[in-house]
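Participant: Position 382, counted from 1, in the sequence shown is what the working numbering calls 383; the numbers after and before it change by one each time, with no gaps. For each residue, glycine too, the CB sits at the ideal point set by N, CA and C.
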Amino acid sequence: MTYLFNQPSAFAAELIEGFVAANADKVRQVPGGVVRNTRSQPGSVAVVVGGGSGHYPAFAGLVGQGLAHGAAMGNLFASPSAQQIYNVARAANNGGGVLLMFGNYAGDVLHFGQACERLRGEGIPCDILAVTDDISSAGIDEIEKRRGVAGDLTVFKVACAAAEAGYALPEVLRVAQHANNRTRSFGVAFSGCTLPGASHPLFEVEKGRMALGLGIHGEPGIKETEVPTADEMADIFVSRLLSELPPGVSQTAGQRVAVILNGLGTVKYEELFVVYRRVAQLLEAARLQIVEPDVGEFVTSFNMAGASLTLMWLDDELETFWRAPANAPAYRKGSVIVAEPLGQEATQAQAEESLPVASAASQQSAQQVLQLLEAVATMLQRNAEKLGDIDAVAGDGDHGIGMERGVLGAVEKARQVAARGAGAGTLLCRAADAWADKAGGTSGALWGVALTAIGTAIGDNQTPDAARIARGVRQAQEGIQHFGKARVGDKTMVDVLVPFSDSLNAAVARGASLTDAWHEAARVADQAAQATAQLLPKMGRARPLAEKSLGTPDAGAISLAMIVNTVADLLKDHATAGQGV
2 MTYLFNQPSA FAAELIEGFV AANADKVRQV PGGVVRNTRS QPGSVAVVVG GGSGHYPAFA
62 GLVGQGLAHG AAMGNLFASP SAQQIYNVAR AANNGGGVLL MFGNYAGDVL HFGQACERLR
122 GEGIPCDILA VTDDISSAGI DEIEKRRGVA GDLTVFKVAC AAAEAGYALP EVLRVAQHAN
182 NRTRSFGVAF SGCTLPGASH PLFEVEKGRM ALGLGIHGEP GIKETEVPTA DEMADIFVSR
242 LLSELPPGVS QTAGQRVAVI LNGLGTVKYE ELFVVYRRVA QLLEAARLQI VEPDVGEFVT
302 SFNMAGASLT LMWLDDELET FWRAPANAPA YRKGSVIVAE PLGQEATQAQ AEESLPVASA
362 ASQQSAQQVL QLLEAVATML QRNAEKLGDI DAVAGDGDHG IGMERGVLGA VEKARQVAAR
422 GAGAGTLLCR AADAWADKAG GTSGALWGVA LTAIGTAIGD NQTPDAARIA RGVRQAQEGI
482 QHFGKARVGD KTMVDVLVPF SDSLNAAVAR GASLTDAWHE AARVADQAAQ ATAQLLPKMG
542 RARPLAEKSL GTPDAGAISL AMIVNTVADL LKDHATAGQG V
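So, in structure tokens, the structure goes:
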């Protein structure tokens, strides 16, 4: 369990504040995460890493000389939003472009991808790389689907050293890809972690049993076995990793490997050293040369009991960068020439965000849109536990919490900008950023895309009409399918969004009022959401437990149907009262 916390909802923000206070010589806080508090070489590439909180030392602990220039930090086990990543990247940028690096999880892929597009749109060269080192999460024929686990460290370290050495962005990306292609990890867990305020772990492993290949968020592993001895554990780790050599690597005498034995939160250093003793013997017996091994906690899963072994198969270039000095709060290697600290000008507060000029009609519409968001927030708060229970059947059970966080963040931002005279379009776009920012994860990213698309279609000059709103919903559907890659039949929110959008646009094209068209489409959404119970998931964390989810609808599909029906009820109330939206 978690012993020390205040409000669970404030835990992530407070841990960042404390981390920065404890490491102010190396890092400073910016909106969305942390960046170096020391000067970097002008014109050099900035490497920004990131992911959900709860994995310390990843990701903030790896910010410093010789390592990352910044870390975007989401909520516990939730990816940072595109806005957070963008903020950190802008603050870390040295003028040579930005490389965004993260573990290969759906929410991270979405958010980092959106941030990359935004940076490129502003003329900042940017590339992304998702680490895919976990051999248990997909076969060699689907290596692009593998998760990023403790191999994050080896890939981050090499890429950051290349940037520190003055490599240009294309070369830093090449080195990072090379390191990722040569990195393999395998992990186990003995028990799950319990987040602040939770009454039970995110997942459980039967006492006396061990889950092989289980992910750092509790994603399912390969199978369960009896808990082995330390030597037997080492044998499992080494045999698994040596059974899959990266392309171009041969297990010859003298082949060099970087080695990380990683504790996931509760397995302590003394235990790890007992295991590493046997790991070293086995690797040496395999005629491999170990280069600067690391034993400790590097990518954790809050207080999960578990461990993992990572091998990066070295060549001369990778070894040079693996050995390069670094000085970050949680990772030190060699000796660096201490960089000059940043001055006060770097920490000045940002000016209040400006708002586009809006017409009086659009400002009035913004108040009605705010009422819709508030009604949705009330509904989602009431149903958060129900949505979590649906999600827990084959997922990690956090959908209800994520939706609640997202909508409350959206309402808070919407109230702020409405009070300052924002138009309806700007209110929705700013609410979209806040939803994605607070919710994190895949659903946070997708709802950010959806609300931005609708807000852009509405604009700030006219009262939103049925045609404009229907067009916005269509653009929201297209945006979600573009970024999320889901199709109808994959058991996602897309199974509801597509028929809802089709029905709404068809009804509006026939001349129906917005209220009538939305009601008709909401009924279609309800039916589509319930029909997802008969589908097998083809994307996301539920995919490995596809059969288990049969008979249960998709949580994202259900929440979308709930939202459009809540909006339908309020539109009807507005129509009855003679108000338009």
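Please decide whether Leu572 counts as near chain C, where near means a Cβ-Cβ distance under 8 angstroms.
Facilitator: This model lacks chain C altogether, as it is built from one protein chain only.
Participant: Should the region 81-96 be regarded as contacting the region 434-452, the criterion being three or more beta carbon pairs within less than 8 angstroms?
Facilitator: Yes, they touch.
Participant: Cutting at 7 angstroms between CB atoms, please list the residues of its own chain near Glu320, excluding the five before and the five after it.
Facilitator: Locating residue 320 in the sequence shown gives position 319, counting from the first residue. Same-chain partners within the cutoff: Arg257, Val292.
Participant: Who are the near neighbours of Phe191 in its chain, counting only those whose CB is closer than 7 angstroms to its CB and skipping five residues on each side?
Facilitator: By 1-based counting over the sequence shown, the position of residue 191 is 190. Val206, Met211, Val228, Ala306, Gly307, listed in sequence order.
Participant: I need the straight-line Cα distance from Gly188 to Ala415, nearest angstrom please.
Facilitator: Taking the first residue of the sequence shown as 1, we reach residue 188 at position 187. Taking the first residue of the sequence shown as 1, we reach residue 415 at position 414. Their backbone Cα atoms lie some 43 angstroms apart in a straight line.
Participant: Keeping to the same chain, check which residues put their C-beta closer than 6 angstroms to that of Gly449; ignore five residues upstream and five downstream.
Facilitator: On the sequence shown, residue 449 is found 448 positions in, with the first residue counted as 1. Result list for Gly449: Ala433, Trp436, Ala437, in chain order.
Participant: Just checking my contact of Arg469 with Ile459 at CB under 8 angstroms: how many whole Å lie between their CB atoms?
Facilitator: Within the sequence shown, residue 469 is the residue found at index 468, counting from 1. Within the sequence shown, residue 459 is the residue found at index 458, counting from 1. Confirmed, about 6 angstroms.
Participant: Could you give the C-beta distance for Thr516 and Leu561, rounded to a whole number, given that I count them as a contact under 8 angstroms?
Facilitator: Here residue 516 is taken as the residue at index 515 of the sequence shown, counted from 1. Here residue 561 is taken as the residue at index 560 of the sequence shown, counted from 1. Actually they do not touch by this definition, with Cβ atoms about 19 angstroms apart.
Participant: Considering only their Cβ atoms, is the gap separating Ala93 from Gly71 smaller than 8 angstroms?
Facilitator: Residue mapping note: residue 71 aligns to position 70 of the sequence shown, counting from 1. Residue mapping note: residue 93 aligns to position 92 of the sequence shown, counting from 1. Contact flag set, yes.
Participant: When burial is assigned at 16 or more other CB atoms within 10 Å of the CB, is Thr253 buried or exposed?
Facilitator: Residue numbering aside, residue 253 sits at position 252 when the sequence shown is read from its first letter. By the neighbour-count rule (16 or more Cβ atoms within 10 Å), Thr253 is not buried but exposed.
Participant: Return yes when the Cβ of Val132 is within less than 8 angstroms of the Cβ of Asn181, no when it is not.
Facilitator: Residue mapping note: residue 181 aligns to position 180 of the sequence shown, counting from 1. Residue mapping note: residue 132 aligns to position 131 of the sequence shown, counting from 1. Yes.
Participant: Grouping DSSP H, G and I as helix and E and B as strand, with all else coil, what is Leu312?
Facilitator: Residue mapping note: residue 312 aligns to position 311 of the sequence shown, counting from 1. In this structure, Leu312 counts as strand in the three-state DSSP scheme.
Participant: Between Ala508 and Ala518, which are expected to be in contact by the criterion C-beta below 8 angstroms, what is the C-beta distance as a whole number of angstroms?
Facilitator: Stepping through the sequence shown from its first residue, residue 508 is reached at position 507. Stepping through the sequence shown from its first residue, residue 518 is reached at position 517. With a Cβ gap of about 4 angstroms, Ala508 and Ala518 count as contacting.
Participant: Please list, in chain order, all residues of the same chain as Ser336 whose beta carbon is under 6 angstroms from its beta carbon, the five residues on each side excluded.
Facilitator: By 1-based counting over the sequence shown, the position of residue 336 is 335. Once the five neighbours on either side are set aside, the close Cβ partners of Ser336 are Pro326.
Participant: Applying the 10 Å Cβ sphere with the 16-neighbour rule, what's the burial state of Tyr270?
Facilitator: Here residue 270 refers to the residue found at position 269 of the sequence shown. Answer is exposed; the Cβ neighbour count stays below 16.
Participant: Report buried or exposed for Phe12, applying the criterion of at least 16 other Cβ atoms within 10 angstroms of its Cβ.
Facilitator: Residue numbering aside, residue 12 sits at position 11 when the sequence shown is read from its first letter. It counts as buried.
Participant: With a 10 Å radius around its C-beta and 16 neighbouring C-beta atoms as the bar for buried, classify Val150 as buried or exposed.
Facilitator: Along the sequence shown, read from residue 1 onward, the residue named residue 150 stands at position 149. Counting Cβ neighbours within 10 Å, Val150 comes out buried, since at least 16 surround it.
Participant: What first and last residue would you give for the beta strand (DSSP E) that runs through Cys194?
Facilitator: Along the sequence shown, one-based indexing puts residue 194 at 193. It is not in any beta strand (DSSP E) - Cys194 carries neither H nor E in the DSSP assignment.
Participant: Comparing C-alpha positions only, which one of Thr39, Phe6, Gly485, Pro32 sits nearest to Ile338?
Facilitator: Translated into the one-based positions of the sequence shown, residue 338 becomes position 337. Looking at the Cα atoms, Thr39 is the closest of the given residues.
Participant: Where does Gly490 land, buried or exposed, given buried means 16+ other C-beta within 10 angstroms?
Facilitator: Here residue 490 refers to the residue found at position 489 when the sequence shown is read from its first residue. Flag for Gly490 reads exposed.
Participant: Kindly indicate which three-state DSSP category Phe303 falls into: helix, strand or coil?
Facilitator: Position 302 of the sequence shown, counted from the first residue, corresponds to residue 303. Here Phe303 sits in coil by DSSP.
Participant: Please list the terminal residues of the continuous alpha helix (DSSP H) segment that includes Lys334.
Facilitator: Counting from one through the sequence shown, the residue named residue 334 turns up at place 333. Looking at the DSSP string, Lys334 is not in any alpha helix (DSSP H); the run it does join, the beta strand (DSSP E), is 332-334.
Participant: Quick one: Cα of Glu353 to Cα of Arg421, how far?
Facilitator: Here residue 353 refers to the residue found at position 352 when the sequence shown is read from its first residue. Here residue 421 refers to the residue found at position 420 when the sequence shown is read from its first residue. Its pLDDT being 47, under 50, Glu353 is placed unreliably in this model, and the coordinates cannot settle the point.
Participant: I'd like the ranges of any beta strand (DSSP E) spanning at least 3 consecutive residues and lying wholly in the region 48-117.
Facilitator: Runs found: 71-77, 99-104.
Participant: Leaving aside the five residues before and after Phe6 along the sequence, list all residues of the same chain whose C-beta is less than 6 angstroms from its C-beta, in chain order.
Facilitator: For the purposes of this step, residue 6 is taken as the residue at position 5 of the sequence shown. Cβ within range, chain order: Phe12, Pro197.
Participant: When the Cβ atoms of the region 151-167 are set against those of the region 132-143, are three or more pairs found closer than 8 angstroms?
Facilitator: Yes, since at least three Cβ pairs between the region 151-167 and the region 132-143 fall closer than 8 angstroms, the two stretches touch.
Participant: Assuming Leu273 contacts Gly297 under a Cβ cut-off of 8 angstroms, what Cβ separation, rounded to an integer in Å, is found between them?
Facilitator: For the purposes of this step, residue 273 is identified with residue 272 of the sequence shown, where counting begins at 1. For the purposes of this step, residue 297 is identified with residue 296 of the sequence shown, where counting begins at 1. Rounded, the Cβ-Cβ distance is 7 angstroms, consistent with contact.
Participant: Output needed for Leu130: all residues of its chain with C-beta closer than 6 angstroms, excluding positions within five of it in sequence on either side, in chain order.
Facilitator: On the sequence shown, residue 130 is found 129 positions in, with the first residue counted as 1. Hits under 6 angstroms: Met102, Ala177.
Participant: Let me make sure I understand the geometry here. Which of Asp496, Gly485, Ala385 has the alpha-carbon closest to that of Leu409?
Facilitator: One-based indexing of the sequence shown puts residue 409 at position 408. Of Asp496, Gly485, Ala385, the residue nearest in Cα terms is Ala385.
Participant: Using 8 angstroms as the Cβ pair cut-off and three pairs as the minimum, do the region 17-35 and the region 277-294 touch?
Facilitator: As far as the Cβ criterion goes, the region 17-35 does not touch the region 277-294, which means the pair count is below three.
Participant: Round the Cβ separation of Ala367 and Gly424 to the nearest angstrom and send it over; I've been treating them as touching at under 8 angstroms.
Facilitator: By one-based count along the sequence shown, residue 367 stands at place 366. By one-based count along the sequence shown, residue 424 stands at place 423. Yes, they are in contact, since the Cβ atoms of Ala367 and Gly424 sit about 6 angstroms apart, within 8 angstroms.
Participant: For Gly407 versus Gly389, is the C-beta distance shorter than 8 angstroms?
Facilitator: Mapped onto the sequence shown, residue 407 falls at position 406. Mapped onto the sequence shown, residue 389 falls at position 388. In this structure, Gly389 does not lie closer than 8 angstroms to Gly407 by Cβ.
Participant: Quick one: Cα of Arg121 to Cα of Arg279, how far?
Facilitator: Looking up residue 121 in the sequence shown gives position 120. Looking up residue 279 in the sequence shown gives position 278. Taking the straight line joining both Cα atoms gives about 48 angstroms.
Participant: Going by DSSP, which residues form a beta bridge with Arg210?
Facilitator: The count along the sequence shown starts at 1 and reaches residue 210 at position 209. Glu227, per the DSSP bridge assignment.
Participant: Count the other C-beta atoms from every protein chain shown that fall within 10 angstroms of the C-beta of Ser355, then say buried if there are 16 or more, exposed otherwise.
Facilitator: Start at 1 with the first residue of the sequence shown, and residue 355 comes out as number 354. When all chains shown are included, Ser355 counts as exposed.
Participant: Let me know the secondary structure DSSP gives Gly266 once reduced to three states.
Facilitator: For the purposes of this step, residue 266 is taken as residue 265 along the sequence shown, with counting starting at 1. Gly266 falls in the strand class under three-state DSSP.
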